[in-house]
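In what follows, a single structure is set out as structure tokens and then discussed.
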Amino acid sequence: MHQPRSFLDNFFLVIKGLCMGAANKVPGVSGGIVAFVGGFYEEFIYSLQKLNSKALKLLFNGRFKSFYQYTNAQFLGLLIFGMLVSYFSVSRILDYFLDQNELFVWATFFGMILGSIYYIAKDYDSWNQRTIPFGILGLIIGISISFLSPARENDNLFFIFFCGIISVSGMTLPGLSGSFILILLGNYVLLLVDSVNALYDTFSEVFSGDFGFLKNAERMQTLKILAVFTLGSATGLVTFSHLLSYVLKHYKAMTTAAILGFITGSLGVVWPWKRTMYKMDDLGNLILDSNGDKIVLNYQRYFPHFGDSETWWAVLFVVMGILVLLLLDWYGKNRKEREQVRTTR
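Per my numbering: the sequence shown = residues 9 to 353.
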């Protein structure tokens with residue numbers, strides 16, 4: 009039975025959902041880190057695991073209250089609500105800042121990931137002969153992923169479904185960025201930019217009484233792609249949650265070691281000082297996708313020059329990112345103390 013949450017707890021849960029949604033949108037950042045650091049990762053995974061055949065029976069038999077309690081629906085509902093709001097608000101703001109000054113955005117997330125490594129490592133005291141190899145394995149995989157090159161865009165619906173399953177890993181596995189995986193699969197722009205923008209435009213038109221999009225073949229195809237991607241994501245979310253809940257229950261120390269190593273290895277993906285490399289033809293001209301967008305090829309990392317003010321501003325944003333995690337840590341401790349007081353009354 010889950011402890012009842014106060015209004016403030018529920019409000020912060022929506023905020024955490026906003027943060028998870030924003031983090032999932034940025035290549036190199038994992039929404040799972042937000043869940044891990046926010047102190048609700050295990051509850052998130054175990055709640056998702058409850059979306060099973062028993063939950064369906066309760067729902068179809070009209071036992072809605074039992075379904076609500078069994079699936080921890082209030083927790084999942086508020087979190088998912090925050091994520092959905094994020095995709096149409098915070099993520100659009102992030103797109104703007106990434107376009108205007110991506111260095112400061114990357115610096116902030118780099119700081120947040122540094123903070124999350126500290127957050128996870130400070131209470132982890134299970135390093136031994138069994139867990140160290142898992143930590144090293146996670147580190148190697150994290151570093152390896154950051155050096156892979158992206159594939160070409162592919163709008164085959166079976167592949168889109170597969171992308172949905174894989175991309176949701178960023179929500180369930182801290183350190184594994186679903187957005188970065190989509191870049192490697194070649195479908196980041198199609199699935200997290202074009203499709204989301206198409207859905208946003210469609211909602212705007214519907215609310216204004218304009219249903220002209222139904223005759224727009226390109227828009228309908230994009231919405232179909234988004235629907236298949238969403239179905240794949242839901243499938244992956246439930247599947248991964250069952251696997252992870254088992255692993256967390258039986259191999260928690262080794263899993264945490266692998267996650268810690270993986271997050272550390274993934275720092276290379278969000279290294280702030282890098283130039284975005286775009287795809288070009290043999291003559292040096294930019295190759296654009298079907299929507300006229302530049303195609304990201306990879307990132308060229310470089311070491312900062314501390315002689316210019318922009319570098320110091322970026323360092324300040326790194327520190328701000330670390331402070332965000334320290335504040336989350338402080339809030340998490342306070343919440344636990346409040347729960348302990350509540351249970352002892």
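Every residue, glycine too, gets a C-beta built ideally from N, C-alpha and C.
Residue nearest to residue i in terms of C-alpha spacing, selected from the options
i: LYS287; options: SER216, ILE23, GLN308, TRP281; result: GLN308
i: THR272; options: MET228, TYR126, ILE295, THR284; result: TYR126
i: SER187; options: ASP163, VAL278, TYR78; result: VAL278
i: VAL323; options: PRO280, GLN137, GLY90, ASN293; result: PRO280
i: LEU8; options: GLU50, LYS65, LYS130, ALA31; result: The displayed coordinates of the chain run from 9 to 353. Any statement about residue 8 would go beyond what the structure contains.
i: ILE2; options: ASN342, VAL214, LEU333; result: Any property of residue 2 remains undetermined from this structure, which presents the chain solely from 9 to 353.
i: GLN57; options: ASP131, GLY315, LEU256, PHE19; result: LEU256
i: LEU335; options: ASN18, PHE15, LYS24; result: LYS24
i: PHE166; options: HIS313, ALA235, TRP320; result: ALA235
i: TYR254; options: TYR49, ASN18, TYR54, GLY29; result: TYR54
i: SER249; options: ASP17, ILE41, LYS33, TYR49; result: TYR49
i: LEU87; options: PHE215, PHE20, SER97; result: PHE20
i: THR38; options: LYS73, PHE68, SER152, PHE117; result: In the sequence on display, residue 38 carries Ser and not Thr. Of the listed residues, the one whose Cα sits closest to SER38 is PHE117.
i: ILE41; options: SER185, SER216, PRO312, TRP320; result: SER185
Distance between residue j and residue i (C-alpha atoms, nearest Å)
i: GLN82; j: ASP290; result: 55 Å
i: GLY293; j: VAL197; result: Note that residue 293 corresponds to Asn in the displayed sequence, not to Gly. Taking the straight line joining both Cα atoms gives about 20 Å.
i: GLU226; j: PHE75; result: 39 Å
i: PHE155; j: TYR310; result: 14 Å
i: ARG71; j: THR139; result: 43 Å
i: MET179; j: GLY85; result: 15 Å
i: LYS62; j: THR79; result: 10 Å
i: ASP133; j: TYR259; result: 15 Å
i: GLU318; j: MET285; result: 21 Å
i: CYS27; j: GLU213; result: 27 Å
i: TRP338; j: LYS223; result: 52 Å
i: GLN137; j: ILE144; result: 11 Å
i: VAL176; j: PHE219; result: 31 Å
i: GLY29; j: ASP17; result: 18 Å
i: ASP228; j: ASN205; result: The sequence given here has Met at residue 228, not Asp. MET228 and ASN205: Cα-Cα distance of roughly 13 Å.
i: MET91; j: VAL22; result: 8 Å
i: MET328; j: LYS65; result: 47 Å
i: ALA129; j: TRP135; result: 10 Å
i: GLY315; j: GLY276; result: 23 Å
i: SER94; j: PHE15; result: 20 Å
i: ILE101; j: LEU67; result: 38 Å
i: ARG160; j: ILE153; result: 17 Å
Same chain, Cβ closer than 7 Å to residue i, neighbours up to 5 away in sequence not counted
i: CYS171; result: LEU190, LEU193, ASN195, LEU199, PHE237, GLY240
i: ASP163; result: LEU198, ILE233
i: ILE295; result: LYS287, MET288, ASP289, ILE303
i: LEU252; result: ILE53, THR180
i: HIS313; result: THR319
Cβ shell of residue i (< 6 Å), same chain only, five flanking positions each side left out
i: THR210; result: PHE221
i: MET9; result: Confidence in MET9 is poor, its pLDDT being 48 and thus under 50, which makes the residue's placement unreliable; the coordinate value appears in the next sentence. Nothing meets the Cβ criterion.
i: GLY123; result: ILE330, LEU333
i: ALA115; result: PRO280, ALA322, PHE325, VAL326
Per-residue burial, residue i [other beta carbons within 10 Å of its own, 16 or more giving buried]
i: GLY119; result: buried
i: GLY269; result: buried
i: ASP168; result: Just to set this straight, residue 168 is Ile in the shown sequence, not Asp. Per the 10 Å Cβ criterion, buried.
i: GLY150; result: buried
i: PHE52; result: buried
i: ILE330; result: buried
i: LYS33; result: buried
i: GLY146; result: buried
Residues near residue i in its chain [Cβ-Cβ closer than 8 Å; skip 5 each side]
i: ILE173; result: GLY240, SER241, THR243, GLY244, THR247
i: PHE142; result: MET262, THR263, ALA265, ALA266, GLY269
i: SER356; result: Here the chain has residues from 9 to 353 only, and residue 356 is not among them.
Below-8 Å beta-carbon distance, residue i vs any chain C residue
i: ILE173; result: Of the protein chains in the structure, only one exists, and it is not chain C.
Original post:
Does the pairing of the stretch 103 to 111 with the stretch 44 to 57 give three or more beta-carbon distances under 8 Å?
Top reply: no
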